[in-house]
Amino acid sequence: MQMALSGLAFMPAAHTVLALLKRNRLDALAVWWLPSLILRSSALVVAAVFGLAVGLLSVPSQGVAAADKEPEWEGRVGLGYMAFLAAWVVLSFFCALLVNIMEAVFLCFAIDRERRTVSHLEVHQLFCSLPNIGPVVQQPDGAVMYGMPPRPIKTEV
36 MQMALSGLAF MPAAHTVLAL LKRNRLDALA VWWLPSLILR SSALVVAAVF
86 GLAVGLLSVP SQGVAAADKE PEWEGRVGLG YMAFLAAWVV LSFFCALLVN
136 IMEAVFLCFA IDRERRTVSH LEVHQLFCSL PNIGPVVQQP DGAVMYGMPP
186 RPIKTEV
């Protein structure tokens, strides 16, 4: 994402994003790992249910005379499997688009926090309301603990 936003090469962009997230102490696990897992898992389940429904509801196309015959399970299983694969590919594509959009918005949020600006108030309110830990604070005796997490931005209406 940083490559597209800044025009840097791959490794400098990766180092820039890593340094940006370290400086701001952003908990990116909830944004990078969890939504992708949920979206891809639900795409797999929806595609499996769709493939099963297509396989079970497929009717032989020979007309009324074919209704008296034993159903051809091999054809139904093949059709259901092909429907599952097609649905899974399409749903995975749209899930990947959604995850990429969310990662880009999160990176823009981190850049805004680095610059101490607010480009879109709704985005800042959303990401600040996510549960996260605060920055690491060193105590006078040398002990290290987490500080208070940042609070959501309040708006006056």
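In terms of this note's numbering, the sequence shown opens at residue 36 and continues consecutively. Yeah, the Cβ is synthetic: ideal placement off N, Cα and C, and Gly gets one too. Values in this document were obtained by computation on a predicted structure and should not be read as measured data.
Handout entry: Span separating the alpha-carbon of A82 from that of A118
Key = 8 Å
Practice task
Compute the distance between the beta-carbons of L120 and V89, then report whether it is under 9 Å.
Solution key: no
Exercise for the section: State the CB to CB distance for the pair L74 and C130, rounded to an integer number of angstroms; the pair is presumed to be in contact (CB under 8 Å). Expected result: 4 Å
Exercise for the section: Please state if the CB of A139 and the CB of L55 are separated by a distance shorter than 9 Å. Expected result: no
Practice task
Over the uninterrupted alpha helix (DSSP H) stretch that includes E109, give me the two end residues.
Solution key: 108-150
Practice task
Determine the DSSP secondary structure at L41, reduced to helix, strand or coil.
Solution key: Just to set this straight, residue 41 is Ser in the shown sequence, not Leu. Three-state result, S41: helix.
Practice task
Let me know the secondary structure DSSP gives V89 once reduced to three states.
Solution key: helix
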